[in-house]
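For the sequence shown, the positions run 77 to 469 when the numbering used here is used.
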Amino acid sequence: MNRSSHPPHSTDASKPVQQARRRLIDRLFGWLMRRTDAELCAPGNLPLHGIHRILVCRVNHRLGNNVLISATLRELETLYPGAEIDIASAGDSARALFATRFQVNRVLYLSRRAVRHPWQSLRWLRAIRANTYDLAIDPCVHSHSGRMLLGLCKARFKVGFPYSENHPNARHYRINRPNHMAKCGVFLIRTAYAGTTDMHWPQLDVKLDADEWRQGRRALQNLFHDGHALDPDRPIIGVFPHASGNKRLAESWWIAFVTALQQQRPQWRLVNILAHHGQSQLPDSLPPIYSSDLRKLASVLGNVQGFISADCGVMHLAAAVGAPTLGLFTRANLATYAPYGTGSRGIHVSLDAPATEVARLAATWLDQIPACMPPRAEANTTWHRQPLAFTSP
Numbered sequence: 077m078n079r080s081s082h083p084p085h086s087t088d089a090s091k092p093v094q095q096a097r098r099r100l101i102d103r104l105f106g107w108l109m110r111r112t113d114a115e116l117c118a119p120g121n122l123p124l125h126g127i128h129r130i131l132v133c134r135v136n137h138r139l140g141n142n143v144l145i146s147a148t149l150r151e152l153e154t155l156y157p158g159a160e161i162d163i164a165s166a167g168d169s170a171r172a173l174f175a176t177r178f179q180v181n182r183v184l185y186l187s188r189r190a191v192r193h194p195w196q197s198l199r200w201l202r203a204i205r206a207n208t209y210d211l212a213i214d215p216c217v218h219s220h221s222g223r224m225l226l227g228l229c230k231a232r233f234k235v236g237f238p239y240s241e242n243h244p245n246a247r248h249y250r251i252n253r254p255n256h257m258a259k260c261g262v263f264l265i266r267t268a269y270a271g272t273t274d275m276h277w278p279q280l281d282v283k284l285d286a287d288e289w290r291q292g293r294r295a296l297q298n299l300f301h302d303g304h305a306l307d308p309d310r311p312i313i314g315v316f317p318h319a320s321g322n323k324r325l326a327e328s329w330w331i332a333f334v335t336a337l338q339q340q341r342p343q344w345r346l347v348n349i350l351a352h353h354g355q356s357q358l359p360d361s362l363p364p365i366y367s368s369d370l371r372k373l374a375s376v377l378g379n380v381q382g383f384i385s386a387d388c389g390v391m392h393l394a395a396a397v398g399a400p401t402l403g404l405f406t407r408a409n410l411a412t413y414a415p416y417g418t419g420s421r422g423i424h425v426s427l428d429a430p431a432t433e434v435a436r437l438a439a440t441w442l443d444q445i446p447a448c449m450p451p452r453a454e455a456n457t458t459w460h461r462q463p464l465a466f467t468s469p
């Protein structure tokens, strides 16, 4: 048999069938999107009172995307402090982050492999359809799953970005929409809200309690065996080198970066924050810390005085607990996904960028952070900092 020949099921004869199926799905999806557009709440029509049950549609399994909706949750909690919130998500990171939040009732999440579990997906959808909400929001601009759920759920008021350019408010949303993903849901709520709102953007917040803060502090104390997790002369800096796909810088680059940072600022104590796979990507001289529990990891990150990370979900988690965070980005998406929070910054780093030069920029950034100020106090600090930029020669 000729190994290069195609089996019968993959011949060109099947392509018209696949194309027809794709066209049918696109038409059905387009119909649902247009129908949902007609149901969207017009600007200024979301009432100040009578919103008691809220659904947030963010059907995504990525840690970072789930952390970023915490700004939307804070806005909802501020405007409707007596309301109850359900979150529709995928994967279990949203449950780990938000299930203990006082106003959150349920986190309904799909399996990351929902296509392989159709009955589970149907039960998930039925659980959402069984409720009638006062407000449902799809906070993302290009989320097909979020928009589909917004169209299928039952809610008196639905808030989201128009799908069609023919929508009467499409131009308003396109022109005024903020670039950063964390602000999009807040922008939608404020645009729809009939009253006045705070002019400041809410910070990310996963709401660590006092015991979690103490446990994170104790973990760092035990790591250094000195009983002083916060030493004005020897701040603790967390480093997280892991990222997926083309967001990843080479392990050798990170080793050179850490080595240069230690040489430039020998008084700093660097901590190797391990990724979910539990394997170190940094020199063995750095004390490692690992936790598969997102809230325990967040409690540690909340007690470091600075955090340097690749572009990933852990970067956003650190910003959400008040750790001044520097994100190193290899892609041109800084405006959308830069670390969001007081004192945090993102810089673009090309794959061939000299690690020593990036270390110098990181050291300059960290020097401007008030020495060892507790992260919870830092949230109320006014920062005066020039934006950092790096272009490879």
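Beta carbons are placed, not taken as given, at the ideal position from N, Cα and C, and that holds for glycine.
- Annotation: the continuous beta strand (DSSP E) that includes VAL183 extends over 180 to 186.
- Residue pairing by DSSP places TYR269 opposite LEU122 in a beta bridge.
- If you compare the alpha carbons of SER219, ASN255, LEU226 and GLY158 with that of ALA414, the shortest gap goes to ASN255.
- In this structure, the alpha-carbon of LEU155 lies about 17 Å from that of ILE163.
- The distance from the Cβ of LEU131 to that of ALA231 is about 6 Å, consistent with a contact at the 8 Å cut-off.
- In this chain, GLY398 is not harboured by any beta strand (DSSP E), its DSSP state being neither H nor E.
- Excluding five sequence positions before and after ALA166, the CB atoms of its chain that fall closer than 8 Å to its own CB belong to VAL135, ASN136, HIS137, TYR185, LEU186, SER187, ARG188, ALA190 and SER221, given in chain order.
- Three or more beta-carbon pairs separated by less than 8 Å are not found between the stretch 378 to 390 and the stretch 355 to 363, which leaves the two stretches without contact.
- CA-to-CA, the gap between TYR366 and ALA374 works out to about 11 Å.
- Excluding its 5 nearest sequence neighbours in each direction, ILE265 has C-beta neighbours in its own chain below 6 Å: GLU151, listed in chain order.
- Per the coordinates, the alpha-carbon of GLY382 lies some 29 Å from the alpha-carbon of PHE178.
- With fewer than 16 other CB atoms across the displayed protein chains lying within 10 angstroms of its CB, ILE251 is exposed.
- Fewer than three beta-carbon pairs drawn from the stretch 116 to 128 and the stretch 194 to 202 are found closer than 8 Å, and the two stretches are therefore not classed as touching.
- Put simply, the stretch 276 to 291 touches the stretch 396 to 407. At least three CB pairs are less than 8 Å apart.
- Distances from the CA of LEU325 to each of GLY403, HIS301 and ASN298 were compared; the closest alpha carbon is that of GLY403.
- Apart from sequence neighbours up to five positions away, the residues of its chain that approach GLY378 with a beta-carbon distance below 7 Å are LEU284, TRP289, GLY292, VAL397, GLY398, ALA399 and PRO451, ordered along the chain.
- Looking at the DSSP output, GLU160 shares a beta bridge with ARG129.
- Beta-bridge analysis with DSSP links ASN348 to VAL315 and PRO364.
- Membership of ARG421 in the beta strand (DSSP E) is indicated by the continuous run 421 to 424.
- Taking 8 Å as the cut-off, the Cβ atoms of PRO311 and CYS260 do not count as close.
- Going by C-alpha positions, ARG110 is about 49 Å away from ALA431.
- For PHE383, the uninterrupted beta strand (DSSP E) segment begins and ends at 382 to 386.
- Between LEU362 and the set TRP344, GLU241 and SER368, the nearest pair of CA atoms involves TRP344.
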